[in-house]
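Following: one structure in structure tokens, then a few remarks.
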Amino acid sequence: MQRYSVFAVARQALSQQMGWGQTWARAWADAAPKPRYDAIIVGAGGHGLATAYYLGRNFGITNVAILEKGWLGGGNTGRNTTIIRSNYLQDASAAIYEKSRSLYETLSQDLNMNVMFSPRGVMMLAQTEHEVRGYMRTAHANALQGVETRFIGPAEVKKLVPIIRLDGPRYPVLGALWQPRGGTARHDTVAWAYARACSDMGMDVIQNCEVTGITTDQGRVTGVETTRGAIACGKLGLVTAGHIGETARMAGFRLPVESLCLQALVSEPIKPAMDVVVMANTVHGYMSQSDKGEMVIGGGTDGFNNYTQRGSFHHIEETVRALIETFPMLSRLKMLRQWGGIVDMTGDRSPILSKTPVEGIFVNCGWGTGGFKAIPGSGWAMAELMAKGHSPLTEEFTMFRFREGRFIDESVAAGVAH
Ligand SMILES: Cc1cc2nc3c(=O)[nH]c(=O)nc-3n(C[C@H](O)[C@H](O)[C@H](O)COP(=O)(O)OP(=O)(O)OC[C@H]3O[C@@H](n4cnc5c(N)ncnc54)[C@H](O)[C@@H]3O)c2cc1C
């Protein structure tokens, strides 16, 4: 793989950065399907690509194809508001989300592509007494788990976010759960960087290749049917987020997941106004400022299951109205664009990384409104599960926990959609 570096950029500067197309290979090869792979991953979002990457990097399994029905990162991976944090309550969650956050710290170097990880700090506002108690409890739990967070008072909140209004009409700011090494990264570059590294290991990243069926023999997976023909495989990873219900149906089992549209919007770009990420769970909205200057705003999910990627105006209105209470300056901004993604929600708001009733099929889904932050950690853990049949990071996230009542309740940590 040709390596991106400051010297490469300097060399290209001599030709006004116009030479990349002529002298550099494509970031990833445009592969066509082979008849058989050791492992196939369905879904080239961040989680699918990261799973493939760590299968190769950590376990030497490189005869792998990643099949994507649309374009790379065109699902939720390229549609989210990019918040990265690991301040969850339960031990199993803290372990996988913190593994992920720590992998983000060096991801640009590991993958040799700048994913623009920006650990600018994430705060979750406490705007009711209930939230104060909840976040203090999380801060204590995080201290035991080795996750760096702390509860801060209103004065420190104001110091970190000068544009905030502390004495809003309905919900005053009583404090916040603060994670100083949380932050953001550039979402589509995360997908591109993993795809490039996978391609470099000889894996096939195949776009415009929809999986339409799954074939099995005596309870074991044998391959997939796709819009580009049948492909055999030894192991199969289903990583299709909002479409996971459909994909599981092809394999003959059901998952306790609902698909909903979650939406977000951005404002016109403005001068630097806020250099941390703020989430306001009670009024329901969250915001950060992109490097371009746009205020990136996340809203809620539709109140009914659906597969649209559009969103609805009443949600935009609700989100903006809620945020204006806490950030009055927003009322002067024009909103530029809005979009939606299909998120895969479980009842306990925790993901599923699991073996399935079909031997050789593994599933990675249920990240719902908060899986961007988990991409590296999830890929790491899922690869171990697929390669070895077990992983300490995935043990509690089995799909069978719903049958057995062993929920991993993260409804507070995931209380706001992000
Ligand atoms: C508006 C919005 C805001 C969000 N904000 C945040 C945030 O701030 N922080 C955070 O951590 N998370 C956030 N999330 C959640 C996060 O985006 C997702 O949890 C994460 O991106 C899921 O990644 P994935 O790889 O599992 O899914 P996806 O990126 O959706 O990838 C799944 C892929 O599977 C493909 N596929 C589906 N069916 C098939 C098939 N039959 N054959 C082949 N391919 C198929 C799809 O085309 C898709 O590309 C947000 C989500 C949305 C929608």
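Reading the sequence shown from the start, the letters are residues 87 to 504 in the numbering used here. Here a beta-carbon is modelled for each residue, glycine too, at the ideal position from N, C-alpha and C. Only a predicted model underlies this, so the values are computations on that prediction, with no experimental measurement involved.
Whole angstroms is fine: what's the gap from residue i's alpha carbon to residue j's?
i      : j      : result
Trp264 : Val343 : 30 Å
Lys245 : Met421 : 27 Å
Asp434 : Arg487 : 10 Å
Glu234 : Val325 : 30 Å
Thr368 : Gly156 : 36 Å
Met104 : Val95  : 11 Å
Trp114 : Val291 : 8 Å
Ser497 : Val307 : 34 Å
Arg89  : Asn198 : 7 Å
Gly288 : Leu479 : 27 Å
Ile410 : Gln395 : 25 Å
Arg165 : Thr275 : 12 Å
Thr224 : Gln231 : 10 Å
Gly384 : Thr405 : 8 Å
Nearest to residue i by alpha carbon, out of the options?
i      : options                        : result
Ala118 : Phe458, Asn294, Arg423, Gly457 : Asn294
Val247 : Leu211, Glu404, Gly160, Trp278 : Leu211
Met202 : Thr312, Met222, Ile170, Ala408 : Ile170
Val208 : Lys357, Gly268, Ile317, Leu419 : Gly268
Ala500 : Ile447, Gly371, Glu490         : Gly371
Val243 : Gly427, Ala262, Pro255         : Ala262
Gly305 : Thr394, Gln88, Thr442, Glu215  : Thr442
Leu260 : Thr214, Asn166, Leu135, Ala277 : Thr214
Leu507 : Ala113, Glu311, Trp106         : With the chain covering only 87 through 504, there is no way to say anything about residue 507.
Phe448 : Gly132, Asn228, Lys321         : Lys321
Val363 : Ser353, Leu351, Ser376, Glu354 : Ser376
Met485 : Gln349, Ser440, Ala359, Gly129 : Ser440
Arg314 : Met222, Ile300, Glu296, Leu100 : Glu296
Thr168 : Tyr221, His273, Gly107         : His273
Report the CB separation of residue i from residue j in whole angstroms; it is logged as a contact under 8 Å.
i      : j      : result
Ile147 : Thr137 : About 11 Å separates the two Cβ atoms, so there is no contact after all.
Val59  : Asn162 : A query on residue 59 cannot be resolved here, the shown segment of the chain reaching from 87 to 504 and no further.
Cys451 : Pro462 : Not quite, the Cβ-Cβ distance comes to about 17 Å (not below 8 Å), so this is no contact.
Arg251 : Phe493 : Actually they do not touch by this definition, with Cβ atoms about 37 Å apart.
Arg206 : Asp361 : 6 Å
For residue i, verify whether its CB is less than 7 Å away from any heavy atom of ligand 1.
i      : result
Ala130 : yes
Phe458 : yes
Trp114 : no
Trp466 : no
Arg165 : yes
Val527 : Coverage of the chain is limited to positions 87 through 504, which leaves residue 527 absent and any answer about it impossible.
Val150 : no
Asn162 : yes
Ile169 : yes
Val297 : yes
Glu184 : no
Ala350 : yes
Val429 : yes
Leu322 : no
Please determine whether the Cβ atom of residue i lies at a distance below 7 Å from any heavy atom of ligand 2.
i      : result
His133 : Only ligand 1 can be found as ligands here, which leaves ligand 2 out of the picture.
Measure from the C-beta of residue i to each C-beta in chain B and report whether the shortest distance is under 8 Å.
i      : result
Cys347 : Given the protein chain composition of this structure (a single chain), no chain B is represented.
Practice task
Pair every Cβ in the segment 182 to 197 with every Cβ in the segment 322 to 339, then say whether three or more of these pairs are closer than 8 Å.
Solution key: no
Handout entry: the segment 170 to 182 in contact with the segment 339 to 358 per 3-pair CB rule at 8 Å
Key = no
Practice task
Kindly confirm or deny that the segment 129 to 144 and the segment 462 to 481 touch, where touching means at least three C-beta pairs closer than 8 Å.
Solution key: yes
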